[in-house]
Every structure is written in C-alpha cells, then in structure tokens.
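Take a look at the structure set out below.
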Amino acid sequence: MSLFRAEGLVKRFGGLLATDHVSLAVEAGEIHALIGPNGAGKSTLVNLISGLLPADAGRIVLDGVELTALTPHARTRAGLARCFQISSVFRNDSVRDNLLLAVQAQAGSSFRCLSRRDAEHALQERAEALAQRTGLAEVLERNAGTLAHGLQKRLDLALALAARPRLLLLDEPMAGMGPEDSQQMVALIRGLAGETAILLIEHDMDAVFQLADRISVLVYGKVLTSGDAAHIKGHAEVQAVYLGTEVAG
Amino acid sequence: MPERFPGLARRLPWLVLALLAAFPLIAPAFGLEYYVGFVRRVLIVAIAAASLNFILGYGGMAALGHAGFIGVGAYTVVALVEAGVSSAWLAWGSAAVLAGLFAAAIGAVSLRTRGVYFIMITLAFAQMLHYLAVSLRTYGGDDGYGLYTPLALGAWLDGAHAQVFYWVVLAIAAAVFALFSRVAHSRYGHALRGVRDNETRMVALGYPVYRLKLAGFVAAGAVAGLAGGLLASHNAFVSPSIMHWTQSALLLVMVMLGGAGRRWGAPLGVALWLTLEEVLKLYTDYWHWPLGLLLLLVVFHAPQGVAALLERRAGKEGAR
Chain A
1 MSLFRAEGLV KRFGGLLATD HVSLAVEAGE IHALIGPNGA GKSTLVNLIS GLLPADAGRI
61 VLDGVELTAL TPHARTRAGL ARCFQISSVF RNDSVRDNLL LAVQAQAGSS FRCLSRRDAE
121 HALQERAEAL AQRTGLAEVL ERNAGTLAHG LQKRLDLALA LAARPRLLLL DEPMAGMGPE
181 DSQQMVALIR GLAGETAILL IEHDMDAVFQ LADRISVLVY GKVLTSGDAA HIKGHAEVQA
241 VYLGTEVAG
Chain B
1 MPERFPGLAR RLPWLVLALL AAFPLIAPAF GLEYYVGFVR RVLIVAIAAA SLNFILGYGG
61 MAALGHAGFI GVGAYTVVAL VEAGVSSAWL AWGSAAVLAG LFAAAIGAVS LRTRGVYFIM
121 ITLAFAQMLH YLAVSLRTYG GDDGYGLYTP LALGAWLDGA HAQVFYWVVL AIAAAVFALF
181 SRVAHSRYGH ALRGVRDNET RMVALGYPVY RLKLAGFVAA GAVAGLAGGL LASHNAFVSP
241 SIMHWTQSAL LLVMVMLGGA GRRWGAPLGV ALWLTLEEVL KLYTDYWHWP LGLLLLLVVF
301 HAPQGVAALL ERRAGKEGAR
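Right under this line is the structure:
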C-alpha cells in the first residue's frame, strides 16, 4: 500500500474547477514529481494536501491515517510538511532563530513560558545539525531577510525538514534560481530521498528528470498521465500541452 | 551609551525601580506629595499597557477592547465590596481571574478573525461590556460606584505607612514586567512572535496558532483585569467610563508611542503620555493639541516608538 494517497480531491473557486477529482499516490522513499503548465492547479493541489485550503471533496491518507479532517498544523504533526513557492521564512530573525523556531515546534510543548529557550542545548544542537545538512552553517547568525534568494529557498526547505516529515511537499524549490543554485538544490533534495517521500512540484524540467522516480502531469486540474521519465517524454499529449520543444529539441 | 558606560543599560531598570521605591519617602521633602498618587496611577496604567503590548507587540493582535477587561476587573472589585468582601488580595485576584474568563470567551470568538475585523469585533465586545455596566443599577449605573472604605491588605501591611498601597502597586508592576520579559524569551514568547511575523509558516511548522494566540489573549485580559482592580482601589470609584472605547484607543496610542513589541515600550509610553497630559493641563485647557502633535511627530520620526529610538541611541539595534 502506498505511503500517501490523495483520492478524488476537488476544489472549486466559483465556476472554476481548479482541482478536478485528482487522485495521486506517493510510495515510501519515492520522489514523485508533479508537472503541468501554469494555471494547471499545482499550487492549489499542494494547498489542499497541506490543508491551507479546504477541499470540497476527496480524502487524504498518510501511512494509513486519514488526514482529511485535520487542521493544517495537525497534518504537519502527523508527518506532512511543506515548502513554499515564495520563500516563507521569518525575515527579521536570524537563520538560527528561524531554525530554532522550527525545531521547537517538534520538541515538546511550545506553551512553556518561564525558561529561556535559547539556553536549551538540545534545540540548539538540532538547529545547528539542520543548518549543517542544508548548507546554512556559514550564515547562521545572518538575518534571514538579507540572504540571497538561493539561501532563502534552502532555509525554507530546512524549516520544513525540521518537522521530520514522512511526506515532504516541495512547491517549486528551484523557482527563480540560477543553474548553480539549482544544482545544489537538486543534490540536497536527492540526499533527502532516504528519509522522506517527496511530492515535488517544479518547472525546471532538467531537475525533474534528474530527481523524479515517477512523474504526474496535471492539466486543467486533472491528472493527464503518470509514469516514469521515459513514459512522460514519450507521451504525445504531454508533449503537446506542456513540454513542447524543450524535450523534442 | 553602553560603549561609554558598560552595564548602564542593564542597570538602568534597577535604578529606576529604586528611585520609584524611594519616591514616597523623598517626595515630602520637595513638596511633591501630590505626585505620589500620580505615579501610582502611571504604574497601574502601565500594567494594563504592558498586557496590551504583550498581545499587540509580541502577538500582533491589535485589540481595541482592552479597556473592557480593565472594566471587568474594576467591577469585580465593586461587586465583591458590595457583597461585603474586604480583602484586597481576594478582590484583585478575583478581578484578574474573572477578566481572564471574559478574555477566554471573547478571544475564542474574536481570534477567528483578522486585521480590521479583529479590531472591530474586540471593540464591539468592549462596548457591550460598557453598556452592561451602564445598566447595572446596583452598582450605580452611569453614575458609578464609590468605594468608601479602602480594601484591607492584611497582616502588618495596613497602617504600616500612609503609602503602603503605592509600594504594593509598584511591586505588582515590577512583577508583571519581569514576568512578561521572561515570557518573551521563552519558547512561548518566540512562538507568539513567530505568529505575528508569519502566521502561515507557523501553521506549516505544526504550531497550534489559534491556541497560542488565545493563551496570550487570556493572559493579557487577566493582567488588564488586575490593573482594573487596582485602578478601582486607586480611584476609590468606578464608573462605566473606565471601559469606554476611547480608553481602549488611548491604551493603544500609549503602547505605540512607547514602542509596541519593545520590552520598555508600555511603561515609557504611559509615563510619557500621562506626564505630558499632567504638565500641559497646568498651562492650558487645550492640552489635546500638543499631545496630538507629539503623536504625529512619533508616527513620522519614530514609527517604532520611543523605546526603539532610545535603543538605537544606545546602539542595541533590533534589541527586543
């Protein structure tokens, strides 16, 4: 049985059917990429899965546990973490404080209100370990808002990783990156494959073909087809609606 | 300042506390007895402002109904006195608890909204409390209720010194500030600021954002209720005007003048505003004018408040 299943998800915005009975499965340890042209409903789908948008119909199951009725924060606690297309970090705080806030959420109660948080060694160590593996150790004391775009995206990813997810939703982790930053991000994501399954939404086709075990194509809120890279590259309809000359050429 | 006088910034609060503690003893020598009562009022309002600063400055909740909780506290004292209670601690403690309960009920509804809606709904609840007080004939309705016998502090405190109530207020204020500063650096304080800065990300990190906000709202309501109880004793009189919406607005103005989200923002704002009001009233009936100008000046030149201005001077950029 799959680690994660979304079944028959529907989302309407007025007359627009943004998500049209989408079903998806992600296997344990798998990187499942979701591609599709602009406006296909990829970000809506991520918001439905993470719970930031309520679905009109359908269900979501992670590891046999039904998450459909859970609030977004409870879904994170159940093992479903996400990144944001536009980096969502705490811009006025240092990278260290960003990471501390993220690891704090998973380590005991956040209603503790008398002891000094920064004196908790276990939290500091976890934050530093997280910085180490995401390549942020050098910039720990810098303000997150002053970081270059690529580093902010990495911090965004680090915040999601702090939740120790079983399934990680990555909403365009390479968006707006140059080739060098992109390659570093690809390496970083590949390194995660052992510990969490990943649902990857990405426009950068090179990255998708490098990383994904399976690819689903979303068009007009519907899954057009699913398969491995060879299947997608060879799929005539996919080429027509989306890949165009990029693959053909 | 700290470069030239290391440690001054750290010692300054203790120095101020010592001065405040000594004030009732030295005031008579300078003919300033009248101002002991004034400082006491500043301290009480500062307690209420500190609680508002906690949810506004740290939690990002712009509540425009804080005077409502002050009123609940004040009327709790009135109700207990009417019922024959004479212990100050019981009355003030009940004021805090009851205001906390009201805050829990009001917050549970209000915190489902954001921004302007939150401002309006907290205002609406406070106005309901205001009119409830107006309708309470037993407690004087619109005319208010006089507390003719001071509440008993108990044991050796009563009659130990004419200004015992002043020191009690000072001790409570100091404890409240110490508590809020401590909370600000705790796990909870960090989480609350996280909610203020980026609520969506906090949700995605797995934080129960609604419950975090509600806890802060209840704590702030309880402390405001305590301030209301103290204010009732201070004035020896309570009327519905204590929770008029302009009082809530004034409290917001004082917090923002001092610096929302700054440790010393609330007491600075309150002290500055009430002192200027007191001084200007000596010279003119039109004292609102200069205060309005001051507010404009702060908005344009120190939008983060006076505390931020002082911190920048002291070279502690971004300190909170």
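These protein sequences, in sequence, are chains A and B.
Quick note on numbering: UniProt numbering labels position 125 of the first sequence as 125, and the sequence is numbered without any gaps.
Quick note on numbering: UniProt numbering labels position 221 of the second sequence as 221, and the sequence is numbered without any gaps.
Ideal Cβ positions, reconstructed from N, Cα and C, are used throughout, including at glycine.
- Among A:Leu-188, A:Gln-85, A:Ala-158, the one whose alpha carbon lies nearest that of A:His-203: Ranking A:Leu-188, A:Gln-85, A:Ala-158 by Cα distance to A:His-203 puts A:Gln-85 first.
- Members of the stretch 180 to 192 of chain B near chain A, C-beta cut-off 8 Å: Contact annotation: in the stretch 180 to 192 of chain B, residues whose CB is within less than 8 Å of a CB in chain A are Arg-182, Val-183, His-185, Ser-186, Arg-187, Tyr-188, Gly-189, His-190, Ala-191.
- Message: Using CA atoms only, rank isn't needed, just tell me which of A:Val-217, A:Lys-222, A:Gln-239 is closest to A:His-32.
- Response: Of the candidates A:Val-217, A:Lys-222, A:Gln-239, the one whose C-alpha sits nearest the C-alpha of A:His-32 is A:Val-217.
- At a cut of 8 Å, does the stretch 244 to 258 of chain B reach the stretch 5 to 24 of chain B through at least three beta carbon pairs? These segments do not touch.
- Message: Using a 10 Å radius around the Cβ and a threshold of 16 neighbouring Cβ atoms, would you call A:Glu-246 buried or exposed?
- Response: With a pLDDT of 48 at A:Glu-246, under the threshold of 50, the modelled position of this residue cannot be trusted; read the value that follows with caution. So A:Glu-246 ends up on the exposed side.
- Message: My output table needs one value for B:Pro-2: the three-state DSSP class, helix, strand or coil.
- Response: Caution is warranted here: a pLDDT of 44 is assigned to B:Pro-2, below 50, making its placement in the model unreliable, and the coordinate value is therefore given only provisionally. Reduced to three states, the DSSP call for B:Pro-2 is coil.
- Task: Have a look at A:Ala-28 and A:Leu-199 and give me their C-alpha separation to the nearest angstrom.
- Result: If I take the Cα positions, the gap works out to 11 Å.
- With a cut-off of 8 Å, does the C-beta of B:Gly-206 fall near any C-beta of chain A? Answer yes: the Cβ-Cβ gap between B:Gly-206 and chain A drops below 8 Å somewhere.
- Query: Are at least three pairs of beta-carbons, each pair with one atom in the stretch 164 to 182 of chain A and one in the stretch 142 to 152 of chain A, less than 8 Å apart?
  - Reply: Yes, they touch.
- Message: Helix, strand or coil for A:Phe-111? Go by DSSP, reduced to three states.
- Response: Three-state result, A:Phe-111: coil.
- Note down the Cα distance separating B:Ala-178 from A:Gly-14, rounded to an integer number of angstroms. Answer to the nearest angstrom: the Cα atoms are 52 Å apart.
- Query: Are the C-beta atoms of B:Gly-60 and some chain A residue less than 8 Å apart?
  - Reply: For B:Gly-60, the nearest beta carbon of chain A is not closer than 8 Å to its own beta carbon.
- Query: Counting Cβ pairs closer than 8 Å, one from the stretch 63 to 83 of chain B and one from the stretch 113 to 130 of chain B, do we hit at least three?
  - Reply: With a cut-off of 8 Å on Cβ pairs, the stretch 63 to 83 of chain B is in contact with the stretch 113 to 130 of chain B, counting three or more such pairs.
- Is the Cβ of B:Asn-53 closer than 8 Å to any Cβ of chain A? Residue-level contact by beta carbon fails for B:Asn-53 and chain A, as no gap is shorter than 8 Å.
- Query: B:Leu-8: buried (16+ other C-beta within 10 angstroms of its C-beta) or exposed?
  - Reply: B:Leu-8 comes out exposed.
- Query: So which residues on chain A does B:Gly-194 lean against when the C-beta distance must stay under 8 Å?
  - Reply: Phe-90, Leu-101, listed in chain order.
- Item | Neighbour flag for A:Gln-124 against chain B, beta carbons, 8 Å | With 8 Å as the cut-off, A:Gln-124 does not count as an interface residue toward chain B.
- Message: Residues in the same chain with beta-carbon distance under 8 Å from A:Ala-18, minus the five sequence neighbours each way, listed in chain order, please.
- Response: So the list reads Lys-11, Arg-12, Gly-41, Thr-44, Gly-221, once near-sequence residues are dropped.
- Should A:Asn-38 be labelled buried (16 or more other beta-carbon atoms within 10 Å of its own) or exposed? The residue in question, A:Asn-38, is exposed, as its Cβ has fewer than 16 Cβ neighbours within 10 Å.
- Task: Assign A:Asp-228 to one of two classes, buried (16 or more other C-beta atoms within 10 Å of its C-beta) or exposed (fewer than that).
- Result: Its Cβ having fewer than 16 others within 10 Å, A:Asp-228 is exposed.
- For A:Glu-7, the first and last residue of its enclosing beta strand (DSSP E): Unbroken beta strand (DSSP E) run through A:Glu-7: 4 to 13.
- Contacts of A:Phe-4 in chain B (Cβ-Cβ under 9 Å): Under the 9 Å cutoff, chain B gives no residues; its nearest Cβ is about 17 Å from A:Phe-4.
- Message: I'd like the span of the beta strand (DSSP E) that includes B:Leu-129, first residue to last.
- Response: That residue, B:Leu-129, is in no beta strand (DSSP E); its alpha helix (DSSP H) goes 115 to 135.
- Given that B:Thr-113 touches chain A, what residues does it touch there, using C-beta distances under 8 Å? Those within 8 Å of B:Thr-113 in chain A number zero; the least Cβ separation is about 17 Å.
- Message: So the candidates are B:Ala-67, B:Ala-91, B:His-66; which of them puts its Cα closest to the Cα of B:Val-78?
- Response: Out of B:Ala-67, B:Ala-91, B:His-66, B:Ala-91 has the C-alpha closest to the C-alpha of B:Val-78.
- Query: At least one CB of chain B closer than 8 Å to the CB of A:Thr-146: is that the case?
  - Reply: No, its Cβ sits nowhere closer than 8 Å to a Cβ of chain B.
- Around the Cβ of B:Gly-318, are there at least 16 other Cβ atoms within 10 angstroms (buried) or fewer (exposed)? No answer about B:Gly-318 holds up, because its pLDDT of 44 lies below 50 and its placement is not dependable.
- Item | Within-8 Å CB hit, B:Leu-212 to chain A | B:Leu-212 belongs to the set of residues whose beta carbon lies under 8 Å from a beta carbon in chain A.
- Query: How many Å lie between residue 345 of chain B and A:Leu-114 at the Cα?
  - Reply: For residue 345 of chain B there is no data in the structure shown, the boundaries of chain B being 1 and 320.
- Sort A:Ser-226, A:Pro-173, A:Gln-106, A:Ile-201 by Cα distance to A:His-73 and report the nearest one. Nearest C-alpha to A:His-73: A:Gln-106.
- Query: Since A:Arg-112 meets chain B, which of its residues come closer than 7 Å, beta carbon to beta carbon?
  - Reply: At a C-beta separation below 7 Å, A:Arg-112 has these neighbours in chain B: Ser-186, Arg-187, Tyr-188.
- If you count every other CB in all the chains shown that lies within 10 Å of the CB of B:Tyr-148, and 16 or more means buried, which is it? The residue in question, B:Tyr-148, is exposed, as its Cβ has fewer than 16 Cβ neighbours within 10 Å.
- Please report the residue range of the alpha helix (DSSP H) in which B:Arg-196 lies. Its alpha helix (DSSP H) spans residues 187 to 197.
- Message: Less than 8 Å between the beta carbons of B:Gly-225 and B:Ala-88, yes or no?
- Response: Cβ distance not < 8 Å, so B:Gly-225 and B:Ala-88 don't count as in contact.
- Query: According to the Cβ coordinates, are A:Gly-36 and A:His-21 closer than 8 Å?
  - Reply: Contact: no.
- Item | First through last residue of the alpha helix (DSSP H) which encompasses A:Ile-49 | 42 to 50 is the span of the alpha helix (DSSP H), which, as asked, contains A:Ile-49.
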